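So the structure is just underneath, and the comments pick up after that.
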Amino acid sequence: MKIIGTGRSHPSLVVTNEMLSQFLDTNDEWITTRTGIKERRIISSENLVDLAIDAAKKALSDANMDAKDLDYIICANVVNEYITPAMSCLIQGAIGATCPCFDLNGACVGFIYALEIAESFYRSGKYKNILIVCAEEPSRMVDWHDRSCSVLFGDGAAAAVLTEGDNIKATKMSASCNWDRLYQKHELQYSPYNSKPNSNLPLVMHGQDVFMFATRASIRDINSVMKQAGYTSDQVDHFLIHQANIRIINNIKQFVKQPDEKFPLNIQKYGNTSSASVPILLDEVNKEGRLKRGDIIVMSAFGAGFVSGACILEW
Ligand code: COA
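Under this note's numbering, the first residue of the sequence shown carries the number 135, and numbering increases by one thereafter.
And the structure:
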């Protein structure tokens, strides 16, 4: 497949490090040096699904495609207002599409998981035009009294439209179960047959374990897709890395020995927006005119599970 349109949508509220330091024992210097984040967008009056719909419409308009021509919609999302129906159904109705759709929970790797699924759907010969939407609201998952976790995340949505093409050169997905390093349990309804205690606790994260996993997994995955596709890092024009921590990105940069210009960043503005992170970055570089036809792009993301994934594609 190839990507022919991108879009993104952000909440209007900008929350700076200074604003966080008014109710958390933290400061701009700590957050900036340890993470690279200066501010993030947080949902206040908006609804996540409306951001998802907005991003989807922008991507369709960028692709010059009518929603009726879509063959499939995949939405990457961890949590939203509805457990059921899937968010992809709400998006489908709002944009006027008639195709089938489903949600996938690939944590922060959702976009790359969705790309690989879209590619195999296309190869099956059944579907041609696929919309991927990533929409996340981690601000409703974290404990806002936990300074080591709440400062890292931001909300947002992004989308991409794909159609037939030979541009996805290689993908590499992986999962290794370390669920207790980064997780959140949610509250289930009472059942007279089930005496297990309920849980409604915020996101739990063991930051240093996640950091080590993320660095190793991303380096391994990037190496794997470059090797599979027969490219060296010198031949890659852009490395779009999940914007979780500037220090993780710097470690990856050192490994591939490529200059800063090849690593676009927006972590300072948005923090970690989970699966929306890579497609938000993609849309930014696309709209800024930084992508030329034929450019080679590597994307890499990692997250709760642990899961990770990378993809190499030609623009
Ligand atoms: N402001 C000020 N101090 C803070 C703080 C904050 N927001 N958060 C933690 N601290 C303190 C800790 O309490 C600790 O204090 P102590 O030494 O008195 O105990 C100190 O800073 C160092 O904490 P530590 O956890 O060792 O910091 P770190 O260098 O490992 O950075 C993370 C913490 C979370 C930024 C880092 O581990 C990380 O980014 N991990 C990956 C997280 C991630 O990407 N998650 C999502 C993956 S998809």
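Even for Gly, the Cβ is constructed at its ideal location relative to N, Cα and C.
These numbers were taken from a predicted model, which means no experiment stands behind them.
Just mark residue i as buried or exposed, buried being the case when its beta carbon has 16 or more other beta carbons within 10 Å.
i      : result
GLY227 : exposed
ASN214 : buried
GLU180 : buried
TYR324 : exposed
ASN420 : buried
SER409 : buried
ILE225 : buried
ILE217 : exposed
Excluding sequence positions up to five away, which residues of its chain have a Cβ less than 7 angstroms from the Cβ of residue i?
i      : result
VAL344 : ARG315, LEU316
ASP196 : GLY139, THR140, GLY141
LEU447 : ASN301, ILE302, LYS303, ILE431
HIS376 : CYS242, SER411, VAL412, SER434, ALA435, PHE436
ALA201 : LEU194, ILE229, GLY230, ALA231
ALA252 : MET135, ILE208, ILE264, ILE266, LEU296
MET221 : VAL183, ALA186, CYS209, ASN211, ASN214, ASP237, ALA269
LYS260 : none
Taking Cβ to Cβ, would you say residue i is nearer than 7 angstroms to residue j?
i      : j      : result
VAL432 : VAL370 : yes
VAL267 : ALA293 : yes
ILE229 : ALA193 : no
LYS403 : PHE373 : no
ILE414 : ILE380 : no
GLU271 : LEU182 : yes
ASN211 : ASP237 : yes
GLY288 : THR407 : yes
SER273 : ILE176 : yes
CYS223 : CYS235 : yes
SER367 : GLN342 : no
ILE165 : GLY405 : no
ALA186 : ALA269 : yes
Going by C-alpha to C-alpha distance, which of the options sits closest to residue i?
i      : options                        : result
ASP417 : LEU158, PHE245, GLU180, VAL148 : PHE245
PHE389 : GLY439, ALA189, THR349, CYS233 : THR349
ALA231 : LEU265, VAL213, ALA210         : LEU265
VAL149 : PRO219, SER178, MET199         : SER178
ASP159 : VAL285, GLY428, PRO326         : VAL285
THR167 : ARG427, ASN151, LYS202         : ASN151
PHE445 : THR407, LEU399, ILE386, ASN357 : Note on identity: in this sequence residue 445 is Cys, with Phe being the wrong assignment. Of the candidates THR407, LEU399, ILE386, ASN357, the one whose C-alpha sits nearest the C-alpha of CYS445 is ASN357.
HIS144 : GLU173, ASP200, TRP164         : GLU173
LEU147 : PRO219, ALA269, GLY290         : GLY290
SER352 : SER442, LYS421, ASP368, ARG427 : SER442
ILE137 : MET199, ILE165, ASN161         : MET199
ASN385 : GLN362, LYS361, ARG354         : ARG354
SER308 : TRP449, ASN161, GLN156, ALA438 : ALA438
GLN318 : PRO219, ASN161, GLN156, ASN239 : ASN239
ASP280 : GLY428, LYS426, PHE157, ILE382 : PHE157
ASP429 : ASP394, ILE383, TYR365         : TYR365
ASN334 : ARG427, SER258, SER254, MET275 : MET275
Can you name, in chain order, every residue of its own chain whose Cβ lies under 8 angstroms from the Cβ of residue i, other than the five neighbours on each side?
i      : result
LYS262 : ASP205, TYR256, THR297, GLU298
ARG451 : Since the first and last residues shown for the chain are 135 and 449, residue 451 lies out of range.
MET359 : Reading off the sequence shown, one finds Val at residue 359, where the question assumed Met. LYS303, ALA304, THR305, LYS306, VAL432, ALA444, CYS445, ILE446.
LEU322 : ASN332
ASP188 : GLY141, SER143, ALA291
ASN161 : ASN151, SER155
ASP203 : ASN263
Short of 6 angstroms in beta carbon distance, which residues of its chain neighbour residue i, apart from the five on each side in sequence? Order them along the chain.
i      : result
ASP277 : PRO336
PHE440 : SER310, ASN312, PHE347
LYS387 : PHE397
HIS340 : ARG315
GLN362 : ALA304
ILE382 : ALA348, THR349
Mind checking who residue i pairs with in its DSSP beta bridge?
i      : result
SER146 : Answer is none; SER146 lacks a bridge partner.
TYR404 : Its beta-bridge partners do not exist; DSSP assigns none.
LYS136 : THR297
CYS268 : ALA210, ALA292
CYS445 : THR305, MET433
GLY141 : ALA293
VAL338 : TYR317
LEU238 : ALA210
GLU180 : DSSP lists no partner for GLU180.
HIS376 : HIS376 pairs with nothing; no bridge assigned.
PHE287 : ASN406
ARG175 : VAL148
With 7 angstroms set as the bound, which would you pick, yes or no: does the beta-carbon of residue i sit closer than that to a beta-carbon of chain D?
i      : result
ARG381 : The structure shown contains no chain D, having only a single protein chain.
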